[in-house]
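Peer 1: As given, the protein sequences belong to chains A and B, one line each in that order.
Everything in the first sequence is counted per numbering that gives the first Met the number 0, starting at 0 for the first residue and increasing by one.
Everything in the second sequence is counted per numbering that gives the first Met the number 0, starting at 0 for the first residue and increasing by one.
All residues carry an ideal CB built from backbone N, CA and C; glycine is no exception.
The structure presented is a predicted model; accordingly, all values stated were derived computationally and were not measured.
Below are the structure tokens for one structure; questions will follow.
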Amino acid sequence: MDMPTTTKKKLGIKEKYALMTRGLDWETTYQPMDKVFPYAKFEGIKIHDWDKWEDPFRLTMDAYWKYQAEKERKLYAILDAFNQNNGHLGITDARYVNTLKLFLNGISPLEYMAHRGFAHVGRQFPGVGPRVACQMQSLDEMRHAQTQIHSMSNYNRYYNGFHSFPEMLQKVWYMSVPRSFFDDAYTSGPFEFMVAIGFSFEYVLTNLLFVPFVSGAAYNGDMGAMTFGFSAQSDEARHMTLGLECIRFMLEQDPDNIPIVQKWIDKWTWRGIRVLTLVAMMMDYMLPKKVMSWKEAWEIYFEENATALFNDLARYGIKMPDCAKQALIDKEHISHQAWATFYQYSAVSNFHGWLPSSEEMDWLSAKYPDTFDQYYRPRFEHWAKEAAEGRRFYNTTLPQLCQVCQIPMIFTEPTDPTQICYRESEFEGDKYHFCSDHCKNIFDDEPEKYVQAWLPVQQIYQGNCFMPDADPTKPDFNPIEEVLRYYNLQNGRDNMDYVGSEDEANFRAWRQTSTQN
Amino acid sequence: MSYELTIEPLGQTITVEDGQTILDASLRHGIYLPHACGHGLCATCKVQVLDGEVEHGEASTFALMDFEREEGKTLACCAIPQSDVTIEADIDEEPDARNIPVEDFPGTVSRIETLTPTIKAVFVKLDGGATLPFQSGQYVNLHIPGHERLTRPFSLANPPGAGDEIELNIRLVPGGAATGYIHQQMAVGDRVTVAGPYGRFFLRTSRKTPFLFLAGGSGLSSPRSMILDLLAHGETQPITLVYGARNRAELYYHDEFVALAKAHANFTYVPALSDEPEGSDWTSARGYVHDAARAHFDNDFRGHTAYLCGPPMMIDACISTLMQGRLFERDIFVEKFISAADAQQVRSPFFKKF
Numbered sequence: 000m001d002m003p004t005t006t007k008k009k010l011g012i013k014e015k016y017a018l019m020t021r022g023l024d025w026e027t028t029y030q031p032m033d034k035v036f037p038y039a040k041f042e043g044i045k046i047h048d049w050d051k052w053e054d055p056f057r058l059t060m061d062a063y064w065k066y067q068a069e070k071e072r073k074l075y076a077i078l079d080a081f082n083q084n085n086g087h088l089g090i091t092d093a094r095y096v097n098t099l100k101l102f103l104n105g106i107s108p109l110e111y112m113a114h115r116g117f118a119h120v121g122r123q124f125p126g127v128g129p130r131v132a133c134q135m136q137s138l139d140e141m142r143h144a145q146t147q148i149h150s151m152s153n154y155n156r157y158y159n160g161f162h163s164f165p166e167m168l169q170k171v172w173y174m175s176v177p178r179s180f181f182d183d184a185y186t187s188g189p190f191e192f193m194v195a196i197g198f199s200f201e202y203v204l205t206n207l208l209f210v211p212f213v214s215g216a217a218y219n220g221d222m223g224a225m226t227f228g229f230s231a232q233s234d235e236a237r238h239m240t241l242g243l244e245c246i247r248f249m250l251e252q253d254p255d256n257i258p259i260v261q262k263w264i265d266k267w268t269w270r271g272i273r274v275l276t277l278v279a280m281m282m283d284y285m286l287p288k289k290v291m292s293w294k295e296a297w298e299i300y301f302e303e304n305a306t307a308l309f310n311d312l313a314r315y316g317i318k319m320p321d322c323a324k325q326a327l328i329d330k331e332h333i334s335h336q337a338w339a340t341f342y343q344y345s346a347v348s349n350f351h352g353w354l355p356s357s358e359e360m361d362w363l364s365a366k367y368p369d370t371f372d373q374y375y376r377p378r379f380e381h382w383a384k385e386a387a388e389g390r391r392f393y394n395t396t397l398p399q400l401c402q403v404c405q406i407p408m409i410f411t412e413p414t415d416p417t418q419i420c421y422r423e424s425e426f427e428g429d430k431y432h433f434c435s436d437h438c439k440n441i442f443d444d445e446p447e448k449y450v451q452a453w454l455p456v457q458q459i460y461q462g463n464c465f466m467p468d469a470d471p472t473k474p475d476f477n478p479i480e481e482v483l484r485y486y487n488l489q490n491g492r493d494n495m496d497y498v499g500s501e502d503e504a505n506f507r508a509w510r511q512t513s514t515q516n
Numbered sequence: 000m001s002y003e004l005t006i007e008p009l010g011q012t013i014t015v016e017d018g019q020t021i022l023d024a025s026l027r028h029g030i031y032l033p034h035a036c037g038h039g040l041c042a043t044c045k046v047q048v049l050d051g052e053v054e055h056g057e058a059s060t061f062a063l064m065d066f067e068r069e070e071g072k073t074l075a076c077c078a079i080p081q082s083d084v085t086i087e088a089d090i091d092e093e094p095d096a097r098n099i100p101v102e103d104f105p106g107t108v109s110r111i112e113t114l115t116p117t118i119k120a121v122f123v124k125l126d127g128g129a130t131l132p133f134q135s136g137q138y139v140n141l142h143i144p145g146h147e148r149l150t151r152p153f154s155l156a157n158p159p160g161a162g163d164e165i166e167l168n169i170r171l172v173p174g175g176a177a178t179g180y181i182h183q184q185m186a187v188g189d190r191v192t193v194a195g196p197y198g199r200f201f202l203r204t205s206r207k208t209p210f211l212f213l214a215g216g217s218g219l220s221s222p223r224s225m226i227l228d229l230l231a232h233g234e235t236q237p238i239t240l241v242y243g244a245r246n247r248a249e250l251y252y253h254d255e256f257v258a259l260a261k262a263h264a265n266f267t268y269v270p271a272l273s274d275e276p277e278g279s280d281w282t283s284a285r286g287y288v289h290d291a292a293r294a295h296f297d298n299d300f301r302g303h304t305a306y307l308c309g310p311p312m313m314i315d316a317c318i319s320t321l322m323q324g325r326l327f328e329r330d331i332f333v334e335k336f337i338s339a340a341d342a343q344q345v346r347s348p349f350f351k352k353f
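If you want it as structure tokens, here you go:
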């Protein structure tokens, strides 16, 4: 038999990818496409030609498995070495472990929620290009959740506060901040989800989340956490380019999309900034060896990089979100306000609290010359004095929460750092409270969504945060202890001050054993 | 020592200096390779080495794994060639690119004409009746006689196939060493060398879309070459040139374009003056190129392929105007070099070419 002797040119990477992805799509015949993709239109985004989608990266499934498997082998080899060598005793100080508790409880579950979100939108886009890209990202996010949990599981053998993170995400008061952020994103339509997570979070804000944690791990001797950071970062480039392509695609497909996209960018930039309050506090107060201040990180990763991005987006008529103006003022304040809050409420938190040492306060003064000494140092010094006199201050009154970001109303007026910022709106006869103009605007645009918020403080007062056997009518009923029992928080071990904690005592003892006879 | 780098699927060969990365060399030659972090962590710039040796530099072991190194993958942002190298990158093929090899052409200055108070046309007759093969829109490097290391890029203003004489239109840059020499000292009979053709600014005729040229100042050279090229080949798509200058004295080849517009029904010429005295006899558009273009097309540029050539401020304003008129990056071509200074400033990765 004669073999065909066509001199066909070798396929380029792009053509190969098209055949392996877009070439596998088809138009349904026995069901209309609108019924196959029921969520594609209700948000008002108009798409005329899905073929104009430019694949931001080209990776086929077979290559994907191969790459990720190799990354896993490498990561787990390092984790094993770190764990077998008792790497946790090489960290700067066990206070550092609290940043891992914050990460495992507050961030890793978000990776899992991102996995679900991308799987969902990966099913809902009528265009095959974004469908494939979202499914790939969905797998990445699952991998990130798993590797983070595995990386930190070794700490769970030695330290308190790691034991019940999936349960705590659902129950512990401050966890409602990151959780409600993702709940909000994946209960929106597929296009809004892409702006929320794919663009605002993965592109505009991701460096502010990952760089501090990964560098923080490196600075504090945690090679395990540092390595999962690098491993995840090698996936992030794909995520960032997917977010950018999605924005570009929407803006170019129809001019009517521009105001909708602008509204979402405004909303999700602010939602993200509010969640990053936890990172700000981690950088300035929780890392024993500090990488840089929150303010410096904000200036590099938002003010410089995001400004360059928004200059480009201006060509489409997209403006820098208004909230960036407030964020510029807030960068001087939020870390201090947040840590002061966790200090007061560390009796009901699943990680420890402490006051900054005098050297740390000097570092903060130097990093925040315009605010720290004036507004925050006196407060910490006052609490230190109280604690020294045996009156360690635990706040036992539950705070009012913002209906949108769910952060306690701790933030101050942009124009006056001595006044708490309160905003409110009425909806169907009820009054709702907000921490800022921007959270209020988000509520006012979609009140029927945010009135459904599960607010931990309200839930406690309504009696929904007790175990079934709790009896509030008993004379010795202690509501705080009952809430901790419901949280599955080991009172006296997971919570309260670092100084005097089991973590502190164990770390000191183990380190001593590892270096002396 | 330097090496030759061939980039597939473009088929273009460029020179990489000693110690220079593949990415840096490509960007400086106007070839965009996908990239993001720029220091070996993210793997966006991963390419396949088809031939030759590279040093992987600072590439992270997660971004470029051992088995990939064995398969000949490398990260362009860190890879430094150790021999002549051929890579395959994840970039679009350009069906209209001819990838003409660069050569040196010695020649003699044959004519110098004053086009405007600030722009001269320098004609160079190539030795031995040689013709310089190029695609209209491309440029050459002119070696300034007597100055060993002084070379400047100038777009070819003549269309391809115009014989052994090339035309360069050169604006006097205040304080500029090369343009000062050309304007004040260069004379007919001087020996010069040009090297070329360079650049990826050429006609995308295979798209079969209407052509829109936006030119300002001495940025007219490439569009002129391209338009003459198109008309000589009987192009039937609509062709529009929006050309801006400060005032009537700075507007050159005006009569030629007026005549071309008369002779070719598919060619439209829209001149615009931004600083013409009130009350002069100028009856066409007043204002900047982007304003004239917006008015002429009623803010709707859809369906065109646009070619932009001129000073940076003009390019910037034109890109914004085109995008607000719904023409986007894939349909806009800009004659722009990514300089060392560009690489220093904080850029967002949103646009590839702008």
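Could you give the uninterrupted runs of the alpha helix (DSSP H) lying entirely in the region 118-204 of chain A, keeping only those of 4 residues or more?
Peer 2: DSSP runs (the alpha helix (DSSP H)) wholly in the region 118-204 of chain A: 127-155, 164-170, 175-185 and 189-192.
Peer 1: Along chain A, which residues have their Cβ under 9 angstroms away from the Cβ of L74(B)?
Peer 2: Here the premise fails: no neighbours, minimum Cβ distance about 11 angstroms.
Peer 1: Assess contact between the region 304-316 of chain A and the region 456-466 of chain A, defined as three or more Cβ pairs (one per stretch) separated by less than 8 angstroms. Is contact present?
Peer 2: Short answer: they don't touch.
Peer 1: On a Cα-Cα basis, can you pick out the residue from R148(B), P196(B) and V187(B) that is closest to A177(B)?
Peer 2: Of the candidates R148(B), P196(B) and V187(B), the one whose C-alpha sits nearest the C-alpha of A177(B) is R148(B).
Peer 1: Using beta carbons (cut-off 8 angstroms, strictly below), is A545(A) in contact with chain B?
Peer 2: Since the displayed chain A opens at 0 and closes at 516, residue 545(A) lies outside it and no answer follows.
Peer 1: Does the region 250-263 of chain A come close enough to the region 317-325 of chain A to have 3 or more Cβ pairs within less than 8 angstroms?
Peer 2: Short answer: they touch.
Peer 1: Give me the DSSP bridge partner(s) of N168(B).
Peer 2: Bridge partners of N168(B): A120(B).
Peer 1: Are the CB atoms of F102(A) and L207(A) within a distance shorter than 8 angstroms?
Peer 2: No, they are not a contact pair.
Peer 1: Please list the partners that L207(A) has in chain B, where partner means a Cβ-to-Cβ separation under 7 angstroms.
Peer 2: Those within 7 angstroms of L207(A) in chain B number zero; the least Cβ separation is about 15 angstroms.
Peer 1: Please report the Cβ distance between A292(B) and S224(B), rounded to the nearest whole angstrom; I am assuming they are in contact, meaning their Cβ atoms lie under 8 angstroms.
Peer 2: Going by Cβ atoms, the distance from A292(B) to S224(B) rounds to 20 angstroms, so no, they are not a contact pair.
Peer 1: Quick test of the definition: if touching needs 3 or more C-beta pairs under 8 angstroms, does the region 58-76 of chain A touch the region 129-145 of chain A?
Peer 2: Enough Cβ pairs lie closer than 8 angstroms, so yes.
Peer 1: Can you give me, in chain order, the residues of the region 73-105 of chain B that have a beta carbon less than 9 angstroms from any beta carbon in chain A?
Peer 2: Hits within the stretch, in order: E87, A88, D89, I90, D91 and E92.
Peer 1: Closest Cβ-Cβ distance between D537(A) and chain B: below 8 angstroms?
Peer 2: Here chain A comprises residues numbered 0 to 516, so residue 537(A) is not present and cannot be evaluated.
Peer 1: Report back the beta-carbon spacing between Q137(B) and F200(B) to the nearest angstrom; my notes put them in contact at under 8 angstroms.
Peer 2: That pair is a contact at about 7 angstroms.
Peer 1: Pair every Cβ in the region 246-256 of chain A with every Cβ in the region 151-169 of chain A, then say whether three or more of these pairs are closer than 8 angstroms.
Peer 2: As far as the Cβ criterion goes, the region 246-256 of chain A does not touch the region 151-169 of chain A, which means the pair count is below three.
Peer 1: Taking the straight line between their C-alpha atoms, what separation do you get for I409(A) and E480(A)?
Peer 2: For I409(A) and E480(A), the distance between alpha carbons rounds to 24 angstroms.
Peer 1: If we define contact as Cβ-Cβ less than 8 angstroms, is C36(B) a contact residue for chain A?
Peer 2: By this cut-off, C36(B) is an interface position.
Peer 1: Less than 8 angstroms between the beta carbons of I90(A) and D221(A), yes or no?
Peer 2: Contact: yes.
Peer 1: Do D95(B) and R203(B) count as a contact pair if the criterion is CB distance below 8 angstroms?
Peer 2: Yes.
Peer 1: Check whether the region 294-308 of chain A and the region 225-238 of chain A touch, using three or more Cβ-Cβ pairs below 8 angstroms as the test.
Peer 2: Output reads no: the region 225-238 of chain A does not touch the region 294-308 of chain A.
Peer 1: Just by C-beta distance, which residues in the region 302-316 of chain A are closer than 9 angstroms to chain B?
Peer 2: Flagged, chain order: E303, N304, A305, T306, A307, L308, F309, N310, D311, L312, A313, R314, Y315 and G316.
Peer 1: Determine, using beta carbons only, whether L272(B) and H303(B) come nearer to each other than 8 angstroms.
Peer 2: For L272(B) and H303(B), no; Cβs fall outside 8 angstroms.
Peer 1: What are the residues that DSSP puts in a beta bridge with E112(B)?
Peer 2: Its beta-bridge partners are A120(B).
Peer 1: Once you ignore the five residues that flank T27(A) on each side, which residues in its own chain have a CB closer than 7 angstroms to its CB?
Peer 2: Excluding residues within five positions, the ones whose Cβ falls inside 7 angstroms are V35.
Peer 1: Using the rule of at least 16 other Cβ atoms within 10 Å of the residue's Cβ for burial, across every protein chain shown, is A508(A) buried or exposed?
Peer 2: With fewer than 16 other Cβ atoms within 10 Å, it is exposed.
Peer 1: Does L40(B) have its Cβ less than 8 angstroms from a Cβ in chain A?
Peer 2: At least one chain A Cβ lies under 8 angstroms of L40(B).
Peer 1: Given that a residue counts as buried once 16 or more other Cβ atoms are within 10 Å of its Cβ, and exposed if not, what is G471(A)?
Peer 2: What sits at residue 471(A) in the sequence shown is Pro, not Gly. It counts as exposed.
Peer 1: Would you grab the beta carbon distance between D253(A) and K45(A) for me? Rounded to a whole angstrom, and I think it's under 8 angstroms.
Peer 2: About 4 angstroms; that satisfies the 8 angstroms criterion.
Peer 1: Any Cβ of chain A within less than 8 angstroms of the Cβ of N246(B)?
Peer 2: By this cut-off, N246(B) is not an interface position.
Peer 1: Is Y486(A) closer than 8 angstroms to V171(A) when the C-beta atoms are compared?
Peer 2: In contact: V171(A) and Y486(A) (Cβ atoms closer than 8 angstroms).
Peer 1: Take every Cβ of the region 60-69 of chain B, pair it with every Cβ of the region 97-114 of chain B, and state whether three or more of those distances are shorter than 8 angstroms.
Peer 2: Cβ pair count under 8 angstroms is below three, so no.
Peer 1: Just to confirm, is the Cβ distance from A231(A) to M225(A) under 8 angstroms?
Peer 2: No, these two residues do not count as a Cβ contact at 8 angstroms.
Peer 1: Identify whether A340(B) lies in helix, strand or coil by the three-state DSSP scheme.
Peer 2: Caution applies to A340(B), whose pLDDT of 45 falls short of 50 and renders its modelled position unreliable; the model cannot decide the point.
Peer 1: Return helix, strand or coil for S82(B), following the three-state DSSP convention.
Peer 2: Coil.
Peer 1: Out of E110(A), D255(A) and P377(A), point me to the one whose CA is closest to G43(A)'s CA.
Peer 2: When each option's Cα is compared against that of G43(A), the closest is D255(A).
Peer 1: With DSSP collapsed to three states, give me the class of C245(A).
Peer 2: In the structure shown, C245(A) sits in a helix (DSSP, three-state: H, G or I).
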